[in-house]
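S.K.:
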Amino acid sequence: MKTSAFALLAGASMVAAHSRPIAVWVNGEDQGVGTGSGGYIREAPNNSPVVDVTSKDMTCNVGGSTKAGKSLAVKAGDKIDIEWYHNTRGDDIIDPSHKGPIMTYLAPAASNGEGDVWVKIAEKGFENGEWAVINLINNKGKHSVTLPDLADGDYILRDEILALHEGNRNGGAQFYPNCIQITVSGGSTTLPAGVAIPGAYKADDKGVLFDIYNSFTSYPIPGPAVWDGASSGSPAPAPAPAASSSAAPTPTSAPAATLTPANPTTGYPTAPAATSAPAATSAPAATSAPAAPAPTQGAGNGNEGSESTLPKTFTLDTFITWLRANAGSPTAQKLRRAHARAFNF
Ligand SMILES: [Cu+2]
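Heads up: the sequence shown is residues -19 to -1, 1 to 326, going by mature numbering (1 follows the signal peptide of the UniProt record, and there is no 0).
(1) Once you ignore the five residues that flank Ala192 on each side, which residues in its own chain have a CB closer than 6 Å to its CB?
(2) For residue 377, is the beta carbon positioned less than 7 Å from some heavy atom of ligand 1?
(3) Look at the alpha carbon of Gly15 and the alpha carbon of Asn195, and state the distance between them as a whole number of angstroms.
(4) Excluding the five sequence neighbours on either side, which residues of its own chain have a C-beta within less than 8 Å of the C-beta of Gly94, listed in chain order?
(5) Helix, strand or coil for Thr16, going by three-state DSSP, please let me know.
(6) Measure the CB-CB distance between Val176 and Asp97 and report whether it falls below 8 Å.
(7) When every heavy atom of ligand 1 is checked, does at least one fall within less than 7 Å of the C-beta of His124?
(8) In chain order, what residues of the same chain lie with their CB nearer than 8 Å to the CB of Gly50, ignoring the 5 residues before and after it?
(9) Should Ser169 be labelled buried (16 or more other beta-carbon atoms within 10 Å of its own) or exposed?
(10) What does DSSP give as the partner residue(s) for Val114 in the beta ladder?
(11) By Cβ distance below 6 Å, which residues in the same chain neighbour Pro203 in space, the five residues on each side in sequence not counted?
(12) Around the C-beta of Asn28, are 16 or more other C-beta atoms found within 10 angstroms, so that it is buried, or is it exposed?
(13) Who does Pro89 pair with in a DSSP beta bridge?
(14) Tell whether a beta-carbon distance below 8 Å holds between Ala184 and Gly81.
(15) Cβ atoms of Glu64 and Ala154: under 8 Å apart, would you say?
(16) Taking the C-alpha atoms as reference points, what is the distance between Pro205 and Asp133?
(17) Check whether the Cβ atoms of residue 328 and His124 sit closer than 8 Å, and answer yes or no.
(18) Quick one: give me the first and last residue of the alpha helix (DSSP H) that Thr40 is part of.
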């Protein structure tokens, strides 16, 4: 019974537990919370994902064309840690169900992100048997990128999580793009032309329409190849789907073991797909966990769909069905939040 309740909560969190960057560290030095007025992060109205790859919100999230209050002073070659949280600093970061890559881009601030201006400077996918998102959680919400030797000026650093827990269906992949304003000094290389965002991804890209619940040996990170940081003249080549994985800076551990949703190293609750299997054998849908959540939840920023009423008395199966159907609802979210700490999500 305890296991079942746990699986239910895990299922709910799959939908509710989004994420956003809250702060930046420069060479190990905390720059303070960057959201809010006067901050250096362009803050979206909420932490919901963008699911339409053609949406303008793909650039810098909802409202992301509006500049933040200030720009963070950095130097070319600095080590930048981007610190993500579910909502506020110190909370639960992101639900471990949200497995996927993390990608980082740069554009000149003068472009405000419009046009073929986005240059990928880092990407982390599925490496050494682990997803970038899980490594992010294990690293207390932080991941590092090293700034290239950039010519002095104002830039937008676009940090993006792509959560693939529903990536097995077209339109199910959840993008969490967020833009951080930086002012670079001490460098020299001109940023080459890049790609347009939206435009860099397609809904059926191999790394976007990707089933993390099936076994696989490698994961093709979507988007352009990572800029080598040197060739200022040559624009990043157009997205080469096949080449992108081989161009990754960190070689993928080639014969990665078959991936199972459960992650023994994190200490986090087992992913729903695994836990729900024994508990919910009566519901065949439960074995393919990603397909279960209500379609409305993918709606992205804004409404999370309406909520139906849970009867006063109910069987466990009724509750499972209700929770699945209302996973993004205020009640389900409250339920999750109420239990979040107890379950260490
Ligand atoms: Cu989420």
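Glycine is no exception: its CB is placed at the ideal position from the N, C-alpha and C atoms. None of these values were measured; they are calculated from a predicted model.
M.R.: In this structure, then:
(1) It should be pointed out that residue 192 corresponds to Asp in this sequence rather than to Ala. Residues of the same chain with a CB within less than 6 Å of the CB of Asp192, apart from the 5 flanking positions on each side, are Asn149 in chain order.
(2) Beyond the ends of the chain as shown, which are -19 and 326, falls residue 377; an answer cannot be given.
(3) CA-to-CA, the gap between Gly15 and Asn195 works out to about 38 Å.
(4) Within the same chain, Gly94 has close Cβ partners Thr40, Cys41, Gly45, Ser46, Ala88, Ile137, Arg139, Cys160, Ile178.
(5) Of the three classes helix, strand and coil, the one that applies to Thr16 here is coil, per DSSP.
(6) Taking 8 Å as the Cβ cut-off, Val176 and Asp97 qualify as a contacting pair.
(7) Not a single heavy atom of ligand 1 lies less than 7 Å from the C-beta of His124.
(8) Excluding sequence neighbours, Gly50 sits near Ser18, Gly19, Gly20, Tyr21.
(9) With fewer than 16 other CB atoms across the displayed protein chains lying within 10 angstroms of its CB, Ser169 is exposed.
(10) Partner(s): none; Val114 has no beta bridge.
(11) Sequence-distant partners of Pro203 (beyond 5 residues in either direction) whose C-beta falls short of 6 Å from its own C-beta, in its chain, are Tyr182, Asp186, Gly188, Val189.
(12) With a threshold of 16 other beta carbon atoms within 10 Å, Asn28 meets it and is buried.
(13) Per DSSP, Tyr136.
(14) It is not a contact, given that the beta carbons lie outside the stated cut-off.
(15) Result no, Cβ atoms of Ala154 and Glu64 do not sit closer than 8 Å.
(16) So the two alpha carbons sit approximately 24 Å from each other.
(17) For residue 328 there is no data in the structure shown, the boundaries of the chain being -19 and 326.
(18) Run containing Thr40: 38 to 41, per the alpha helix (DSSP H) assignment.
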